[in-house]
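As you go down the protein sequences, you meet chains A and B in turn.
Counting from 1, one number per residue, gives the positions in the first sequence under full-length UniProt numbering.
Counting from 1, one number per residue, gives the positions in the second sequence under full-length UniProt numbering.
Positions of the beta carbon are idealized from the N, C-alpha and C atoms, including for glycine.
Number of protein chains: 2
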Amino acid sequence: MKQFKYTELEAILKKKIDANSFTPTGKLPSVRELCKLQGLSKATVLHSLHRLESQGLIYAKPKSGYFVTQIKPPKRVLPKQIKTSSTPRNVSVPAILKDIMTRSAAFDILPSAGAQGDATHLTVLNRHLNKAFRSSQSQKAFYYNNSDGDLRLKHAIINHYGGLNQKPDELCITNGCQHSLFISLMATCSPGDTVAVESPTFYGVLQILEQLNLKIIEVACDPEHGISIDDLTKKIAKWPIKACVVSPNYSTPTGACMPHRAREELLKLAVKSDFCIIEDDIYGDLAFPPFVSESLKSLDTQGQVILCSSFSKSLSRDLRIGWVFGGKWHDKITQLKLVTQLSSCGSIQQGLATFIEDGHYRRYLNKHVYAIKQQQAELINFLQTHWPEDIRFTQANGGISMWVELDESIDTQKSYNEILQQGIVMTPGSLFSASGQYKNFLRLSYIHPLTKAREVAIKKLFSTLLVKK
Amino acid sequence: MKQFKYTELEAILKKKIDANSFTPTGKLPSVRELCKLQGLSKATVLHSLHRLESQGLIYAKPKSGYFVTQIKPPKRVLPKQIKTSSTPRNVSVPAILKDIMTRSAAFDILPSAGAQGDATHLTVLNRHLNKAFRSSQSQKAFYYNNSDGDLRLKHAIINHYGGLNQKPDELCITNGCQHSLFISLMATCSPGDTVAVESPTFYGVLQILEQLNLKIIEVACDPEHGISIDDLTKKIAKWPIKACVVSPNYSTPTGACMPHRAREELLKLAVKSDFCIIEDDIYGDLAFPPFVSESLKSLDTQGQVILCSSFSKSLSRDLRIGWVFGGKWHDKITQLKLVTQLSSCGSIQQGLATFIEDGHYRRYLNKHVYAIKQQQAELINFLQTHWPEDIRFTQANGGISMWVELDESIDTQKSYNEILQQGIVMTPGSLFSASGQYKNFLRLSYIHPLTKAREVAIKKLFSTLLVKK
Numbered sequence: 001m002k003q004f005k006y007t008e009l010e011a012i013l014k015k016k017i018d019a020n021s022f023t024p025t026g027k028l029p030s031v032r033e034l035c036k037l038q039g040l041s042k043a044t045v046l047h048s049l050h051r052l053e054s055q056g057l058i059y060a061k062p063k064s065g066y067f068v069t070q071i072k073p074p075k076r077v078l079p080k081q082i083k084t085s086s087t088p089r090n091v092s093v094p095a096i097l098k099d100i101m102t103r104s105a106a107f108d109i110l111p112s113a114g115a116q117g118d119a120t121h122l123t124v125l126n127r128h129l130n131k132a133f134r135s136s137q138s139q140k141a142f143y144y145n146n147s148d149g150d151l152r153l154k155h156a157i158i159n160h161y162g163g164l165n166q167k168p169d170e171l172c173i174t175n176g177c178q179h180s181l182f183i184s185l186m187a188t189c190s191p192g193d194t195v196a197v198e199s200p201t202f203y204g205v206l207q208i209l210e211q212l213n214l215k216i217i218e219v220a221c222d223p224e225h226g227i228s229i230d231d232l233t234k235k236i237a238k239w240p241i242k243a244c245v246v247s248p249n250y251s252t253p254t255g256a257c258m259p260h261r262a263r264e265e266l267l268k269l270a271v272k273s274d275f276c277i278i279e280d281d282i283y284g285d286l287a288f289p290p291f292v293s294e295s296l297k298s299l300d301t302q303g304q305v306i307l308c309s310s311f312s313k314s315l316s317r318d319l320r321i322g323w324v325f326g327g328k329w330h331d332k333i334t335q336l337k338l339v340t341q342l343s344s345c346g347s348i349q350q351g352l353a354t355f356i357e358d359g360h361y362r363r364y365l366n367k368h369v370y371a372i373k374q375q376q377a378e379l380i381n382f383l384q385t386h387w388p389e390d391i392r393f394t395q396a397n398g399g400i401s402m403w404v405e406l407d408e409s410i411d412t413q414k415s416y417n418e419i420l421q422q423g424i425v426m427t428p429g430s431l432f433s434a435s436g437q438y439k440n441f442l443r444l445s446y447i448h449p450l451t452k453a454r455e456v457a458i459k460k461l462f463s464t465l466l467v468k469k
Numbered sequence: 001m002k003q004f005k006y007t008e009l010e011a012i013l014k015k016k017i018d019a020n021s022f023t024p025t026g027k028l029p030s031v032r033e034l035c036k037l038q039g040l041s042k043a044t045v046l047h048s049l050h051r052l053e054s055q056g057l058i059y060a061k062p063k064s065g066y067f068v069t070q071i072k073p074p075k076r077v078l079p080k081q082i083k084t085s086s087t088p089r090n091v092s093v094p095a096i097l098k099d100i101m102t103r104s105a106a107f108d109i110l111p112s113a114g115a116q117g118d119a120t121h122l123t124v125l126n127r128h129l130n131k132a133f134r135s136s137q138s139q140k141a142f143y144y145n146n147s148d149g150d151l152r153l154k155h156a157i158i159n160h161y162g163g164l165n166q167k168p169d170e171l172c173i174t175n176g177c178q179h180s181l182f183i184s185l186m187a188t189c190s191p192g193d194t195v196a197v198e199s200p201t202f203y204g205v206l207q208i209l210e211q212l213n214l215k216i217i218e219v220a221c222d223p224e225h226g227i228s229i230d231d232l233t234k235k236i237a238k239w240p241i242k243a244c245v246v247s248p249n250y251s252t253p254t255g256a257c258m259p260h261r262a263r264e265e266l267l268k269l270a271v272k273s274d275f276c277i278i279e280d281d282i283y284g285d286l287a288f289p290p291f292v293s294e295s296l297k298s299l300d301t302q303g304q305v306i307l308c309s310s311f312s313k314s315l316s317r318d319l320r321i322g323w324v325f326g327g328k329w330h331d332k333i334t335q336l337k338l339v340t341q342l343s344s345c346g347s348i349q350q351g352l353a354t355f356i357e358d359g360h361y362r363r364y365l366n367k368h369v370y371a372i373k374q375q376q377a378e379l380i381n382f383l384q385t386h387w388p389e390d391i392r393f394t395q396a397n398g399g400i401s402m403w404v405e406l407d408e409s410i411d412t413q414k415s416y417n418e419i420l421q422q423g424i425v426m427t428p429g430s431l432f433s434a435s436g437q438y439k440n441f442l443r444l445s446y447i448h449p450l451t452k453a454r455e456v457a458i459k460k461l462f463s464t465l466l467v468k469k
């Protein structure tokens with residue numbers, strides 16, 4: 001009898017999960033409520049819940065109860081693709097935007113709220129770092145680490161990628177992805193050269209272009225499928241470029257992911273028109289299962305792609321360790337690593353290497369992407385529930401950010417200070433373009449759990465913005 | 001009676017120390033020998049030695065015996081001041097020299113010999129780092145550290161300098177002195193601009209000038225007193241410069257230290273002719289007592305000096321933490337920090353901050369400079385003993401390097417590979433100039449104790465070089 005009871009409840013709950021009945025939050029009724037509703041004992045209810053949990057359908061949130069793992073948000077209208085300006089121009093980032101960019105590097109609307117969630121992996125990581133700092137400490141204090149990086153870490157990174165077909169001497173360790181992008185652009189371009197970027201694009205790239213006196217040409221992007229090869233082809237026919245910076249996997253701010261076919265076309269175009277592809281793959285490790293990331297570099301047989309990435313988004317922003325597979329430009333890039341930086345911290349590299357070798361990084365990622373996916377679902381449901389008509393946004397299959405479009409009459413940048421005074425850091429859309437576009441856009445991130453404090457902040461944010469309509 | 005015996009021996013030994021009788025190595029006779037020679041008991045001899053030790057006149061080296069603290073090397077002839085080329089030129093570092101530079105960052109003729117000496121301070125430092133990595137670990141993993149650096153570390157650095165009269169918002173933390181120099185030159189100059197440097201100068205600067213497409217004008221230097229203000233004045237009258245890179249305190253390779261008067265003149269000239277002084281003060285903390293370093297920046301009232309430094313030479317090369325006091329260019333420099341690097345490792349900064357605050361850095365430096373000074377004396381005596389006629393070299397009052405001149409017929413760079421094949425890394429003089437000078441020079445460092453293995457290496461080095469005469 002008892003066996004039937006928990007199987008019954010299990011079936012009922014399964015049906016409801018399938019029917020998406022627990023939206024918007026995904027929260028199941030409490031154990032006590034379920035006991036009452038079904039006239040079952042606590043043990044029976046828990047048994048059913050544990051079975052659903054082991055099937056990956058629900059998960060327990062400490063002190064909050066059980067939640068549905070995959071909430072299916074209703075179909076939405078995606079943000080529009082905006083026509084990009086069509087001539088190369090110098091990049092001039094206004095001071096106000098630089099200020100905002102500096103703050104937005106925090107990647108959160110409530111930076112002072114701190115981080116929640118499981119930090120077990122960081123305790124393990126710190127143990128590895130500590131061990132590395134203690135080992136041959138006086139050797140490391142008196143000698144610089146190899147400028148191009150620790151060999152063991154290089155092997156660990158290459159193994160992590162799997163099918164990349166690259167060797168350690170084609171890889172240079174850097175101080176983070178921004179550093180990787182900086183030396184890659186410096187290695188491939190000279191002042192006055194033109195660089196193609198996605199529109200919208202990561203604002204860190206705009207700042208590099210400005211500082212290196214490079215011209216920009218912004219290429220149209222689909223909010224789901226990324227850079228338009230058609231638009232790129234047209235533009236470079238008129239204005240030859242030296243490099244094209246793309247983020248094929250879950251690019252910020254849209255979270256777009258390039259289809260395989262477009263990747264092949266981009267590569268062909270790069271070889272034919274002789275420009276360098278600088279692939280920013282910082283979100284590559286954050287694909288939501290069952291999706292799997294593919295890097296452009298893995299399709300590259302001629303050294304035309306420079307792959308830049310780091311551990312900042314996937315593991316910790318505190319490590320300041322990134323990397324570059326430099327393709328044809330590897331020697332120039334390692335030279336620039338030496339010139340800009342001399343070397344990176346050897347102990348952190350060695351600690352990271354053993355952490356990855358021992359399988360901790362992979363294990364953490366497997367859990368981490370799952371949590372982010374859930375946070376995305378929560379954020380989407382929250383937005384849908386409160387502003388079903390007023391905002392459009394992207395829903396990526398990876399990464400940590402969504403691109404939010406508001407009514408054309410709204411200027412997010414103009415409201416920046418008013419919102420900041422309420423203790424909320426917004427990332428206005430105008431940061432992501434060098435031509436003053438995306439005034440009615442903003443970026444939201446789901447790297448943090450949607451706590452009550454963040455819900456309140458998002459409500460304040462949108463009520464301030466939407467009143468301007 | 002007993003009292004007189006040890007006082008007698010003490011007086012005898014003092015006289016001999018004054019007369020420099022224990023050259024070249026500074027080693028006193030063994031305790032057993034002293035017992036025999038003076039007909040004294042072991043206890044009496046040890047009593048005398050301990051009294052001399054407590055006066056700082058001798059020190060005990062584990063398993064080696066007692067050594068004189070300050071060996072006075074005989075007067076020597078200093079290396080010549082070489083006439084510098086007199087027009088600005090582009091910098092083009094040959095590939096072979098880049099290769100050598102990469103290896104010479106090791107700063108040692110025997111990199112594989114490892115580091116000896118007391119590493120207690122590193123154990124303490126690692127404890128501070130470990131604590132910092134553990135504290136608020138998930139906060140640090142999910143947020144970037146302030147791009148311009150940790151406030152607590154900034155305060156610690158300012159307090160360490162004493163009379164600098166700078167505030168934390170005039171200071172930007174970087175990833176080492178090379179990074180500081182790179183962003184300082186990028187902030188003050190545009191491609192094609194001319195930069196004055198000392199001749200000979202640190203090769204890292206030559207590489208930055210090459211990569212940033214800056215022109216160089218090399219200014220004559222006195223091997224003891226550094227840059228010639230006369231030569232600089234003449235040159236900038238003809239060819240205006242945007243910046244002048246100088247290392248007033250124990251500059252590499254010569255170890256020269258600018259007199260106070262010359263510092264004042266340089267500052268006046270910079271204000272009058274409107275160029276930026278980029279002060280590389282990486283050896284500033286390594287003045288040998290009773291000498292005390294004075295930074296150019298401390299004399300600067302108009303923000304004309306950018307002070308660059310790091311902990312790499314004074315504490316550990318593994319930390320990758322440096323800093324810039326940017327003067328007038330502070331905002332531009334912090335912008336470039338963000339663009340090139342985003343931020344530095346927060347945990348390392350915080351661990352360093354508490355290490356400095358607790359007085360460990362100062363305590364370590366007090367011991368460390370003493371050890372380096374002793375190592376310099378040992379190296380000088382070794383060179384004097386074996387090649388009294390064939391080489392000239394500088395004897396600095398701080399820093400870690402000496403500039404060695406050989407017969408004009410000798411080309412150190414040409415012998416580089418032959419010497420490398422013997423497992424010895426030489427730093428040929430040609431690295432330190434953009435105009436092919438200093439072919440018969442090389443740099444030696446005394447950052448490591450002069451072990452038997454290093455003595456053998458130096459003997460091999462000079463016997464290979466001097467045979468070419």
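Closest Cα partner of residue i within the set the options
i, options, result
"A:ARG51", "A:THR340, A:LYS14 and A:GLY26", "A:LYS14"
"A:LYS235", "A:ASN165, A:GLY163, A:GLU198 and A:LYS297", "A:GLU198"
"B:GLU378", "B:MET402, B:ASP390, B:ARG363 and B:PHE355", "B:MET402"
"A:TYR438", "A:CYS221, A:SER293, A:GLY322 and A:THR123", "A:CYS221"
"A:ALA453", "A:PRO111, A:ARG89 and A:LYS16", "A:PRO111"
"B:GLY65", "B:GLN81, B:PRO79 and B:ARG32", "B:ARG32"
"A:HIS368", "A:HIS121, A:PRO223, A:SER41 and A:PHE4", "A:HIS121"
"residue 475 of chain A", "A:VAL124, A:PRO428, A:ARG152 and A:ILE58", "This structure leaves residue 475 of chain A out entirely; chain A is present only between 1 and 469."
"A:MET101", "B:SER147, B:ILE410, B:HIS260 and B:LYS16", "B:SER147"
"A:LEU46", "A:GLY56, A:GLN55 and A:CYS35", "A:CYS35"
"B:GLY39", "B:CYS276, B:LYS5 and B:SER54", "B:LYS5"
Rounded Cβ spacing between residue i and residue j (contact assumed at less than 8 angstroms)
i, j, result
"residue 509 of chain B", "B:ASP150", "Since the first residue of chain B shown is 1 and the last is 469, residue 509 of chain B is not available in this structure."
"B:SER430", "B:LEU97", "7 angstroms"
"residue 470 of chain B", "B:ALA434", "Here chain B comprises residues numbered 1 to 469, so residue 470 of chain B is not present and cannot be evaluated."
"B:TYR59", "B:THR44", "20 angstroms between Cβ atoms; not a contact."
"B:CYS177", "B:GLY322", "5 angstroms"
"B:SER298", "B:LEU164", "5 angstroms"
CB contact below 8 angstroms: residue i versus chain E
i, result
"B:PRO111", "Any reference to chain E falls outside this structure, whose protein chains are A and B."
Check: residue i C-beta below 7 angstroms from any heavy atom of the ligand ATP
i, result
"B:LYS242", "With respect to small molecules bound, the structure shown includes none, and the ligand ATP cannot be examined in it."
Worksheet item: Do the stretch 412-422 of chain B and the stretch 456-466 of chain B meet, that is, are 3 or more Cβ pairs less than 8 angstroms apart?
Response: yes
Fill in: Cβ contact check for the stretch 126-143 of chain A and the stretch 156-171 of chain B: 3 or more pairs under 8 angstroms
Taking 8 angstroms as the limit for Cβ pairs, the verdict is that the stretch 156-171 of chain B does not touch the stretch 126-143 of chain A.
Worksheet item: Three or more beta-carbon pairs under 8 angstroms between the stretch 420-435 of chain A and the stretch 371-385 of chain A, yes or no?
Response: Contact between the stretch 420-435 of chain A and the stretch 371-385 of chain A is not established, with fewer than three Cβ pairs separated by less than 8 angstroms.
Item to complete: Give the residues from the stretch 384-418 of chain A that approach chain B closer than 7 angstroms (Cβ to any Cβ), ordered along the chain.
Response: Sequence-ordered contacts of the stretch 384-418 of chain A with chain B are nonexistent [C-beta pairs closer than 7 angstroms].
Discussion item. Does the structure place the stretch 327-335 of chain A close enough to the stretch 122-137 of chain A that three or more beta carbon pairs sit under 8 angstroms?
Written reply: no
Worksheet item: Between the stretch 309-317 of chain A and the stretch 270-286 of chain A, are three or more C-beta pairs nearer than 8 angstroms?
Response: The stretch 309-317 of chain A vs the stretch 270-286 of chain A: in contact.
Worksheet item: Taking contact to mean at least 3 C-beta pairs separated by less than 8 angstroms, is the stretch 189-207 of chain B in contact with the stretch 344-359 of chain B?
Response: no
Discussion item. Please list, in chain order, the residues of the stretch 333-346 of chain B that have any C-beta partner in chain A closer than 8 angstroms.
Written reply: Taking 8 angstroms as the Cβ-Cβ cut-off, the stretch 333-346 of chain B approaches chain A at GLN335, LEU336, LEU338, VAL339, THR340, GLN341, LEU342, SER343, SER344, CYS345 and GLY346, given in chain order.
Worksheet item: Would you call the stretch 332-340 of chain B and the stretch 84-97 of chain B touching, i.e. three or more CB-CB distances under 8 angstroms?
Response: Too few Cβ pairs lie closer than 8 angstroms, so no.
Discussion item. If the cut-off is 7 angstroms on Cβ atoms, which residues from the stretch 147-179 of chain A count as contacting chain B, listed in chain order?
Written reply: SER147, ASN175, GLY176, GLN178 and HIS179
Worksheet item: Listed from N- to C-terminal order along the chain, which residues in the stretch 343-369 of chain A have their beta-carbon within a distance smaller than 8 angstroms of any beta-carbon of chain B?
Response: SER343, SER344, CYS345, GLY346, SER347 and ILE348
Worksheet item: In chain order, what residues of the stretch 187-219 of chain B put their CB closer than 7 angstroms to some CB of chain A?
Response: Flagged, chain order: PRO191, GLN207, ILE208 and GLN211.
Discussion item. Tell me whether the stretch 296-304 of chain B and the stretch 265-274 of chain B touch, counting them as touching only if at least three CB pairs, one residue from each stretch, are closer than 8 angstroms.
Written reply: yes
Practice prompt. Mind checking the stretch 227-239 of chain B against chain A and listing, in chain order, the residues whose C-beta falls within less than 7 angstroms of any C-beta there?
Written response: none
Item to complete: Check each residue of the stretch 4-27 of chain B: if its Cβ is closer than 9 angstroms to any Cβ of chain A, include it; give the result in chain order.
Response: Per Cβ criterion, the list is empty.
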